[in-house]
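Protein chains in written order, with the numbering used here: chain X, 1 to 434; chain B, 435 to 948.
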């Protein structure tokens, strides 16, 4: 076994560089070196050295979502953002915070909570870093009201593949000066450059929260419940759905947030609306009078089970059809996955057991994509839904097309070509070889 | 209206050069009879304008200080026609500029004398409303308000509400990432667009996104929205629709000083209330509005605050009471509340007329669109007032206080020698002040032709260079609305000038200006 020595270019660029170990592999791609710069300037020096050495580079936060997407074609250098852990500025009066990319979401949440504020994101595992949050576009139930991280991001600092430091946006919530490079980096999976700093719009931390749930016997009644909540005047922060297996009932849940009396009043109104809307549905249960609502966060169980995880995005009016399509495709493939997610925002996560045979999972994904494709007649939009395999065991990765069909791939390739002409930034993670 | 002539020397900091001139540097082809004939074949001869007199109709957008008669104007009626027009221009190396309703306030749709102006105003079909999915699919020429009107029967509306919403087009809103008075709570255009059919600068039709808001790959919708027509031309837009709030209350609070009004704004936001809108006017702006529309705001007000609250009825009621208490505690000597549309309109009249109204008290004026962090508002307003006194130039302040978006109206008499120059210097100093406090040179009007020279004050050479990478990816030929957003050499055909009268659409009462 050869021990790699770290090139002098890297050690002189960064105080913290080590040879990569087995734990540093990215979705199966081994890492030769790991650098952990502590400032944007140091990160720029690392990327300049990587450019000079022709190294491929994969940014990493805590690694909680590092397996998402395709495995990189190669990973000479992992840039770990663990030392970029400073909260740069929190101006509570402006509801704005600037942080380095390696700041952990839970640390930031604690700091902001002390000022009665929050960054209104709640990705499923509640963990990871700011950089990872932006790069993967991770979002949880609050997506319904607050959107995904890109909707709260107001400024960004990145280091390009050649080591150039660039800023876009700023520290004010209203700003249309120049192109929104932050949005371009949101969901870019490290393929355009390294995110080193970000500025976000914040929101007040609600005094009180409540989940109101309704159990539904079938997709059609769940769709009625979701529609009732969305159409209601109670301004929910989230509309979630949980369907653990084909044989189980579906649970629809609405999150209400605000002042205590406001939440109680709105919960009461919503319960009445749901009771009325689901009254004719056999088996529907909007909660007994004594138990108007109960606290339940569908995503509060923390880490996802290992296995294949498919994210399905669709127009919310098609919820019943999409749920039906998922179950039908799963049944044909002999699978019984759990379905959870932000039904009100048109994003569901399908969790297939890790025991499932790779070919069965591939069959399920292909069958599901065919059904989703049929949801649009193609007269206006070529597609109105997608199914992306975000994470999967190695055998499944080899058997499926992880990203599936993507619109405007040529434009995406052109963007990649401009930002990273040598294809050294997380090469191959996105569709079409990007 | 912003009326700083484009050839004015930048004040304060000197303009730095940028590393990448981007695709602008390529040679621009000329419009010839062959291209004109081809465009006539594509759109029909009736939809191609080449008569010099008719072309002048399109010589400026809402920012009338910059004018340039387009080489040719085409009015396509479909996405396929737009694609063919762009392809015809692209193969000949002819520059093209898209224009919606022409209400932009930064000269973003300023035509080129050597280019084709593609006007989308004949593409105004609302293709579909999907109430269950809360989506609408519209063509780019559809007016902003028309979307909300079409959605209203379903209890839905289209949230971004730029002040020109009666006439401004959704396509233009996408280009500018338009906001409006209510974007404090409801967000900007970019938060409500989930699908875009565009014609690329090469003339190809393609879709960005699939209407879900979670399509795989790069967020090209986010990158395209607000790119001011430099990355392609929008031909269809999928927007999110939002449930109409159950209740809306509008409060007007009068204070003796701007400081007290500003303190009330901070206290409202600090209490955790997020109003739909918080607007503020100073004494000079109020007096202009009184002269113009007799809005009958409380007498003796040094500042008025307009606070609009929307949401569930019980919440709005509770928040209205809380805002009243806060305003009183901060020294409001009169508070009015509007419960219905007519009362609301009465409160908004003064605010909405303010821009045009300053024409009553000043022969000419410049409007800026700078933004500062909300907490910097008191300091910045004080400094503007000092600068105003130092330069002997009056400044009326009308602004979106909730998000720190200032619209200082710099008043001057251009018949007095040197006064226009002093006004421009002061105007530039106000933008410098915004940047100094961590703000922006534009909150909603866009950079366009008007503020491209200020971009190097806000961004470094590498920042602008990086933005140009996106431009190069979409438009390597540099033909799509060249000369906008980024500092570049002057355009041909522009005539520096100063606003003397309101825009014709304002004068006719068709649109308001914020």
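The beta carbon of each residue, even a glycine, is placed where N, CA and C say it ideally should be.
Values in this document were obtained by computation on a predicted structure and should not be read as measured data.
Test: residue i CB closer than 8 Å to a CB of chain B
{"i": "residue 164 of chain X", "result": "yes"}
{"i": "residue 211 of chain X", "result": "no"}
{"i": "residue 417 of chain X", "result": "yes"}
{"i": "residue 144 of chain X", "result": "no"}
{"i": "residue 47 of chain X", "result": "no"}
{"i": "residue 315 of chain X", "result": "yes"}
{"i": "residue 204 of chain X", "result": "yes"}
{"i": "residue 40 of chain X", "result": "no"}
{"i": "residue 386 of chain X", "result": "yes"}
{"i": "residue 151 of chain X", "result": "yes"}
{"i": "residue 290 of chain X", "result": "With a pLDDT of 28 at residue 290 of chain X, under the threshold of 50, the modelled position of that residue is not reliable, and the figure given next carries that caveat. It does not; no Cβ of chain B falls within 8 Å."}
{"i": "residue 180 of chain X", "result": "yes"}
{"i": "residue 414 of chain X", "result": "yes"}
For residue i, the nearest candidate out of the options (CA to CA)
{"i": "residue 97 of chain X", "options": "X/269, X/171, X/376, X/187", "result": "X/171"}
{"i": "residue 34 of chain X", "options": "X/52, X/15, X/28", "result": "X/15"}
{"i": "residue 343 of chain X", "options": "X/354, X/326, X/313, X/372", "result": "X/313"}
{"i": "residue 436 of chain X", "options": "X/255, X/256, X/232", "result": "Because residue 436 of chain X is not part of the residues shown, which for chain X are 1 to 434, the question remains open."}
{"i": "residue 804 of chain B", "options": "B/731, B/833, B/479", "result": "B/833"}
{"i": "residue 105 of chain X", "options": "X/424, X/345, X/122", "result": "X/122"}
{"i": "residue 154 of chain X", "options": "X/143, X/168, X/364, X/145", "result": "X/168"}
{"i": "residue 569 of chain B", "options": "B/596, B/794, B/673, B/921", "result": "B/673"}
{"i": "residue 727 of chain B", "options": "B/899, B/473, B/780", "result": "B/780"}
{"i": "residue 403 of chain X", "options": "X/422, X/378, X/423, X/433", "result": "X/433"}
{"i": "residue 558 of chain B", "options": "B/565, B/579, B/551", "result": "B/579"}
Residue i at chain X interface by Cβ criterion, 8 Å
{"i": "residue 741 of chain B", "result": "no"}
{"i": "residue 568 of chain B", "result": "yes"}
{"i": "residue 860 of chain B", "result": "no"}
{"i": "residue 865 of chain B", "result": "no"}
{"i": "residue 806 of chain B", "result": "yes"}
{"i": "residue 892 of chain B", "result": "yes"}
{"i": "residue 460 of chain B", "result": "A caution first: residue 460 of chain B carries a pLDDT of 48, below 50, which makes its placement in the model unreliable, though a value can still be read off. Answer no: the Cβ-Cβ gap between residue 460 of chain B and chain X never drops below 8 Å."}
{"i": "residue 795 of chain B", "result": "no"}
{"i": "residue 907 of chain B", "result": "yes"}
Where residue i sits in the DSSP three-state scheme
{"i": "residue 799 of chain B", "result": "strand"}
{"i": "residue 403 of chain X", "result": "coil"}
{"i": "residue 416 of chain X", "result": "helix"}
{"i": "residue 540 of chain B", "result": "coil"}
{"i": "residue 908 of chain B", "result": "helix"}
{"i": "residue 372 of chain X", "result": "helix"}
{"i": "residue 396 of chain X", "result": "helix"}
{"i": "residue 432 of chain X", "result": "helix"}
{"i": "residue 173 of chain X", "result": "coil"}
{"i": "residue 758 of chain B", "result": "helix"}
{"i": "residue 692 of chain B", "result": "helix"}
{"i": "residue 424 of chain X", "result": "coil"}
Cβ neighbours of residue i in the same chain (closer than 6 Å, five flanking residues each side left out)
{"i": "residue 492 of chain X", "result": "Chain X is shown only over 1 to 434; residue 492 of chain X falls outside these bounds and no answer can be derived."}
{"i": "residue 509 of chain B", "result": "481, 553, 556"}
{"i": "residue 723 of chain B", "result": "729, 784, 787, 788, 791"}
{"i": "residue 396 of chain X", "result": "308, 358, 361"}
{"i": "residue 76 of chain X", "result": "32, 55, 56"}
{"i": "residue 496 of chain B", "result": "537, 538, 539, 937"}
{"i": "residue 893 of chain B", "result": "none"}
{"i": "residue 49 of chain X", "result": "9, 10, 13"}
{"i": "residue 145 of chain X", "result": "237"}
{"i": "residue 485 of chain B", "result": "none"}
{"i": "residue 529 of chain B", "result": "462, 546, 549, 913, 916"}
CB contact flag (residue i, residue j, <8 Å)
{"i": "residue 194 of chain X", "j": "residue 43 of chain X", "result": "yes"}
{"i": "residue 429 of chain X", "j": "residue 69 of chain X", "result": "yes"}
{"i": "residue 164 of chain X", "j": "residue 84 of chain X", "result": "no"}
{"i": "residue 37 of chain X", "j": "residue 87 of chain X", "result": "no"}
{"i": "residue 680 of chain B", "j": "residue 615 of chain B", "result": "no"}
{"i": "residue 844 of chain B", "j": "residue 829 of chain B", "result": "yes"}
{"i": "residue 534 of chain B", "j": "residue 574 of chain B", "result": "yes"}
Contacting residues, own chain, Cβ-Cβ under 8 Å from residue i (five flanking each side not counted)
{"i": "residue 376 of chain X", "result": "382, 383, 384, 385"}
Chain-order list of residues whose beta-carbon lies under 7 Å from that of residue i (same chain, five-residue window excluded)
{"i": "residue 489 of chain B", "result": "483, 503, 504, 507"}
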